[in-house]
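**Q**
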Amino acid sequence: MAGKAWRSTIFNLLRQWGLSINGKDNIEAQEVSRVVGALRTESPQPRTYVRGIHTVTLIPGDGIGPEISSAVMKIFEAAKAPIQWEERNVTAIKGPGGKWMIPPDAKESMDRNKIGLKGPLKTPIAAGHPSMNLLLRKTFDLYANVRPCVSIEGYKTPYTDVNLVTIRENTEGEYSGIEHVIVDGVVQSIKLITEQASQRIAEYAFEYARNNQRASVTAVHKANIMRMSDGLFLRKCREAAEKHKDVKFTEMYLDTVCLNMVQDPTQFDVLVMPNLYGDILSDLCAGLIGGLGVTPSGNIGANGVAIFESVHGTAPDIAGKDMANPTALLLSAVMMLRHMGLHGHAKKIEAACFDIIRDKKVLTKDLGGNSKCSEFTEAICQRVLDLD
Amino acid sequence: MAAHSAVLSMSKIFNPFWGGRFGNTVKVFGTTLTSHRNRSSRNGDNIPPPAKYGGRHTVTLIPGDGIGPDLLNHVREVFRFSCVPVDFEVVHVNSADESEDDINNAIMAIRRNGVALKGNIETIHTMAPSVKSRNNLLRTNLDLYANVMHCQSLPAVQTRHKNIDIMIIRENTEGEYSSLEHESVSGVVECLKIITRTNSLRIADYAFKLAREKGRSRVTAVHKANIMKLGDGLFLQCCREVASGYPDITFDSMIVDNTTMQLVSKPQQFDVMVMPNLYGNVVSNVCAGLVGGALVPGANYGLNYAVFETATRNTGKSIAGKNIANPTAMLLAGCMMLDHLKLYDYATMIRNAILSTMNETRLHTADIGGQGTTSEVVQSIMRNIQSKGPLISER
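Chains as they are written, first to last, in full-length UniProt numbering: chain A, 1 to 388; chain B, 1 to 395.
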């Protein structure tokens, strides 16, 4: 590392210790439990926790990906977050045996660092290989997709006070991709629900609720029609509820949830559901707070892997024009900080971002302003420094 | 008529012995003898069953569970008050009963009468999975392939979005609701989603015909063909094929998650939407929620039968018996039924009464933010009918 990097590392450490000694940064009980919780859920300390710096694999992505990734890196540097980025590219390559896989250096980096931040990836049509997102999901067994939806003050939507989290099973369900043409004109798609996957996602949902001080978990299902499949899912959720008696558990039909969600989203807290319902509902909730451009998202995998990503598209029409909105990727990165236990930095960056959006002076085009991405980033960096 | 009853008695003889196997035969007999209905379907016109006894129609009424019985009683009350020439044949379906006799009786009654008004029948999912959803059985046995719902913003109801006017046409018999599930290995359950070309063509055709009839300019197909390439791909292809035969109507398609996002931010962009079964469930509930909730009626149309109910199809167990349910959806469903029976005057009269009652905010029920009770609303509707309707003024 260059000399400057060493110095900043030591300053970081001193600041961390100095803060706790002087008591300047009052760590509330809430945060302590969050940190403890995050540590508890994290499997063995990542080996990349060297002298306080976490190494994170960064996948910039395509289209506006590189712009927003550099914006996030700049803001993190201004906030002096102890993160070191390892940039990797993921393009599908054909491995031995003809199976498509991600490049081995990307895989090795992720396995080492365990935490990743990903920009939007484009899926070329008729490229012969499955979507990159699907490949990543299969490679790291990312079984839970977590999307916290919180209304952003300053970005007006017809819905205020939204504060819910959708946890979606990400590996099976309707998206198993198993389809056949039985007879000409009759197609059959198979929806797969397994005990193991349902148990895993249910357990994760309750753990998440507990670690983030959420009061209730609602299982969303359609067990009146899909008796066995959603019935199995529900059973596993009920079993997990028994083990976590401190979190309230309710079950609700998908149509009732949809009906109530658009009328009064405040009644929901944490929602857990299989793949298809999760896809639709999580996008519905994203729509409530303002769309995919401001929604963070995280994918949790087995073996402690977690990849945080922005869920919007690559927007090829504005790529390279400095018009992109980095909010989604930034909020996902904040989610990543919280997952790693760096709540102080997370809070600072999030507050700065929300302040800038609330002020409405410097906003990118999709948020209603006409500033450039770099100006927006600069404003947030400035605010972060001010908040210090 | 004699032949008709002969068929029915024949089916009664055969059924106990052969059970399900002769079911198809009965269906064949049933449809060939109701020749007036077959004629209607060929012309594309929807001719209701002729009023048999003294100009009065007979309609099957299935109370269902939860708030269904109360609301349907109110519907009967309002109809009796307005002297609507409709007699209701009430068929109870016990949702806790494992045998399918009840629902088969109901289906037979609907075949006999041709039209039904129903509440939602609860599906208790602690029972064995072989006990299928009664509502689903009804829909598939009668082949009610199109579920039509018209969501319109009502001026008096406070909602976050205004000026919504969306027609939703949802495939009602196949897709994810085929109820074909099996557990091949312990702990692994497979559920089959079936999409067929015939049904997709049928529903797309229905959608475009309806759009043309109502003077609509755009039809949007909702799908998830990027993931379910074969299944939803087939559906989309069928829609495109049908669309080519209607050059005056614009056709586009949208992926279901994008659709829900657009619906909560800009619902005014949608006109007519057509989609397979499960997405139809989600989208119709979202749209119903956007215009206020329990205010939208829904209709299930088949070639020969029509069943009317609330669009959101919930039993409302938690508010049953408390006199706070909103009767609007069920009453408007009754009006849709009257339209189907070509009793337009009665339908308009009752509909106008309902809408003027909606304008009085102090009579809104709890779900739209008011404090009125169901009976108050119904009384007000009847008063409205009394003050305006010439058909009953003998005072």
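Every residue, glycine too, gets a C-beta built ideally from N, C-alpha and C.
On a predicted model such as this, the values are computed, not experimentally measured, just so you know.
Which of helix, strand or coil does DSSP assign to G291 (chain A)?
**A** Counting from one through the first sequence, the residue named residue 291 (chain A) turns up at place 291. G291 (chain A) falls in the coil class under three-state DSSP.
**Q** Write down the C-beta distance between L330 (chain A) and V72 (chain A) rounded to the nearest angstrom, noting that I regard them as a contact closer than 8 Å.
**A** Counted from its first residue, the first sequence places residue 330 (chain A) at position 330. Counted from its first residue, the first sequence places residue 72 (chain A) at position 72. L330 (chain A) to V72 (chain A), Cβ: 5 Å. Contact.
**Q** Pull out every residue of the segment 186-201 of chain A whose Cβ sits closer than 8 Å to any Cβ of chain B, in chain order.
**A** V186, V187, Q188, S189, I190, K191, L192, I193, T194, E195 and Q196
**Q** Within 10 angstroms of the Cβ of D255 (chain A), are there 16 or more other Cβ atoms? Answer buried if so, exposed if not.
**A** Along the first sequence, one-based indexing puts residue 255 (chain A) at 255. Burial call: buried.
**Q** Rounded to the nearest angstrom, what separates residue 417 (chain B) and G64 (chain B) at their Cα positions?
**A** The question about residue 417 (chain B) has no answer here: the residues shown for chain B are numbered 1 through 395.
**Q** Quick check on C237 (chain A) - is its C-beta less than 8 Å from some C-beta in chain B?
**A** On the first sequence, residue 237 (chain A) is found 237 positions in, with the first residue counted as 1. Not one beta carbon of chain B lies nearer than 8 Å to the beta carbon of C237 (chain A).
**Q** Report, in whole angstroms, the separation of the C-beta atoms of L387 (chain A) and N325 (chain A), which I expect to be a contact under 8 Å.
**A** Taking the first sequence and counting its residues from 1, the one referred to as residue 387 (chain A) is at position 387. Taking the first sequence and counting its residues from 1, the one referred to as residue 325 (chain A) is at position 325. So it is not a contact: roughly 21 Å between Cβ atoms.
**Q** If you run the structure through DSSP and keep just helix, strand and coil, what is L154 (chain B)?
**A** Sequence index remark: in the second sequence, residue 154 (chain B) carries index 154 (1-based). Correct three-state label for L154 (chain B): coil.
**Q** Within the same chain, show all residues whose beta-carbon is closer than 6 Å to that of A81 (chain A), passing over the 5 residues directly before and after it, in chain order.
**A** As a first step, residue 81 (chain A) must be located in the first sequence, where it is residue number 81. Hits under 6 Å: H345.
**Q** Select from A:I68, A:N224, A:Y208 and A:N212 the residue whose C-alpha is nearest the C-alpha of M127 (chain B).
**A** Locating residue 127 (chain B) in the second sequence gives position 127, counting from the first residue. It is A:N224 whose Cα lies nearest to the Cα of M127 (chain B).
**Q** By the three-class DSSP mapping on this structure, what secondary structure does G301 (chain A) have?
**A** Walking along the first sequence from the start, residue 301 (chain A) turns up at place 301. Looking at G301 (chain A) - three-state DSSP - the assignment turns out to be strand.
**Q** What do you reckon, are the CB atoms on I193 (chain A) and E172 (chain A) nearer than 8 Å?
**A** In the first sequence, counting from the first residue as 1, residue 193 (chain A) sits at position 193. In the first sequence, counting from the first residue as 1, residue 172 (chain A) sits at position 172. For I193 (chain A) and E172 (chain A), yes; Cβs fall inside 8 Å.
**Q** Is there at least one Cβ from chain A nearer than 8 Å to T170 (chain B)'s Cβ?
**A** If you number the second sequence from 1, residue 170 (chain B) lands on position 170. Looking at the sequence shown, residue 170 (chain B) is not Thr but Arg. R170 (chain B) does not count as touching chain A.
**Q** Give every residue of the same chain whose Cβ lies closer than 6 Å to the Cβ of I307 (chain A), excluding the five residues on either side of it in the sequence, and list them in chain order.
**A** Position 307 of the first sequence, counted from the start, is the residue given in the question as residue 307 (chain A). Apart from sequence neighbours up to five positions away, the residues of its chain that approach I307 (chain A) with a beta-carbon distance below 6 Å are G116, K118 and N299, ordered along the chain.
**Q** Does any residue of chain A bring its CB to less than 8 Å from the CB of L210 (chain B)?
**A** Within the second sequence, numbered from 1, the residue matching residue 210 (chain B) stands at position 210. Cβ-Cβ to chain A under 8 Å: no for L210 (chain B).
**Q** Taking Cβ positions only, does C258 (chain A) come closer than 8 Å to chain B?
**A** The residue labelled residue 258 (chain A) in the question sits at position 258 within the first sequence. Closer than 8 Å to some Cβ of chain B, the Cβ of C258 (chain A) qualifies, so yes.
**Q** For a quick check, are the C-beta atoms of V262 (chain A) and G370 (chain B) less than 8 Å apart?
**A** On the first sequence, position 262 is the one that residue 262 (chain A) refers to. On the second sequence, position 370 is the one that residue 370 (chain B) refers to. No. Outside cutoff.
**Q** Using Cβ-Cβ distances below 7 Å, what residues of the segment 217-230 of chain A are close to chain B?
**A** A223, N224, I225, M226, R227, M228 and S229
**Q** At the level of alpha carbons, what is the spacing between I356 (chain A) and I75 (chain A)?
**A** As a working mapping, residue 356 (chain A) is identified with position 356 in the first sequence. As a working mapping, residue 75 (chain A) is identified with position 75 in the first sequence. Whole-angstrom Cα-Cα distance: 13 Å.
**Q** Does the Cβ of H74 (chain B) have 16 or more other Cβ atoms within 10 Å, making it buried, or fewer, making it exposed?
**A** Residue 74 (chain B) sits at position 74 when you count from the first residue of the second sequence. It counts as buried.
**Q** Starting from the beta carbon of T260 (chain B), find every residue of chain A whose beta carbon is closer than 7 Å, and list them in chain order.
**A** In the second sequence, the residue the question calls residue 260 (chain B) occupies position 260. Chain A residues near T260 (chain B): I280, D283, L284 and G287.
**Q** Below 8 Å on the Cβ atoms is my guess for N145 (chain A) versus G278 (chain A); work out the distance and round it to an integer in Å.
**A** On the first sequence, position 145 is the one that residue 145 (chain A) refers to. On the first sequence, position 278 is the one that residue 278 (chain A) refers to. 7 Å between Cβ atoms; contact.
**Q** Which residues bound the beta strand (DSSP E) around I194 (chain B)?
**A** On the second sequence, position 194 is the one that residue 194 (chain B) refers to. Taken as a continuous stretch (DSSP letters only), the beta strand (DSSP E) holding I194 (chain B) covers V188 to T196.
**Q** Does C239 (chain B) get closer than 8 Å to chain A when you measure Cβ to Cβ?
**A** The residue given as residue 239 (chain B) occupies position 239 in the second sequence. It does not: the Cβ of C239 (chain B) has no partner Cβ on chain A nearer than 8 Å.
**Q** Excluding sequence positions up to five away, which residues of its chain have a Cβ less than 7 Å from the Cβ of residue 403 (chain B)?
**A** The requested residue 403 (chain B) does not occur in the structure, where chain B is confined to residues 1 to 395.
**Q** With H, G and I counted as helix, E and B as strand and the rest as coil, what does DSSP make of R383 (chain B)?
**A** Here residue 383 (chain B) corresponds to residue number 383 of the second sequence, with the count starting at 1. It is helical.
**Q** Quick one: Cα of I166 (chain B) to Cα of A306 (chain B), how far?
**A** Indexing the second sequence from 1 puts residue 166 (chain B) at position 166. Indexing the second sequence from 1 puts residue 306 (chain B) at position 306. Cα to Cα, I166 (chain B) sits roughly 21 Å from A306 (chain B).
**Q** If you count every other CB in all the chains shown that lies within 10 Å of the CB of L180 (chain B), and 16 or more means buried, which is it?
**A** As a position in the second sequence, residue 180 (chain B) is number 180, starting the count at 1. It counts as exposed.
**Q** Excluding the 5 residues flanking L39 (chain A) on each side, which residues of the same chain have their C-beta closer than 8 Å to its C-beta?
**A** Residue mapping note: residue 39 (chain A) aligns to position 39 of the first sequence, counting from 1. With a pLDDT of 43 at L39 (chain A), under the threshold of 50, the modelled position of that residue is not reliable, and the figure given next carries that caveat. Once the five neighbours on either side are set aside, the close Cβ partners of L39 (chain A) are G341.
**Q** Taking the runs of the beta strand (DSSP E) that are 3 residues or longer, which of them lie wholly in the segment 227-267 of chain A?
**A** 248-253
**Q** To the nearest angstrom, how far is the alpha carbon of M382 (chain B) from that of G293 (chain B)?
**A** Indexing the second sequence from 1 puts residue 382 (chain B) at position 382. Indexing the second sequence from 1 puts residue 293 (chain B) at position 293. Rounded to the nearest angstrom, the two C-alpha atoms are 23 Å apart.
**Q** If you drop the 5 nearest sequence neighbours on each side, which residues of the same chain put their C-beta closer than 7 Å to that of T41 (chain A)?
**A** As a working mapping, residue 41 (chain A) is identified with position 41 in the first sequence. Because the pLDDT at T41 (chain A) is just 43, under 50, the model does not fix this residue reliably, and the value given afterwards should be weighed accordingly. These residues qualify, in order along the chain: E207 and N211.
**Q** Under 8 Å, do A329 (chain B) and V296 (chain B) count as touching if we go by C-beta distance?
**A** Working through the second sequence from its first residue, we reach residue 329 (chain B) at position 329. Working through the second sequence from its first residue, we reach residue 296 (chain B) at position 296. Yes.
**Q** Determine the chain A residues that contact P69 (chain B) at a beta-carbon separation under 8 Å, and present them in chain order.
**A** Position 69 of the second sequence, counting from 1, holds the residue named residue 69 (chain B). P69 (chain B) does not reach chain A, its nearest Cβ partner there being about 19 Å away, counting only Cβ pairs nearer than 8 Å.
**Q** I need the DSSP call for G372 (chain B), collapsed to helix, strand or coil.
**A** The residue given as residue 372 (chain B) occupies position 372 in the second sequence. In the structure shown, G372 (chain B) falls within a strand segment according to DSSP collapsed to helix, strand and coil.
**Q** Buried or exposed for D101 (chain B), please, with buried defined as at least 16 other CB atoms from any protein chain shown within 10 angstroms of its CB.
**A** Mapped onto the second sequence, residue 101 (chain B) falls at position 101. It counts as exposed.
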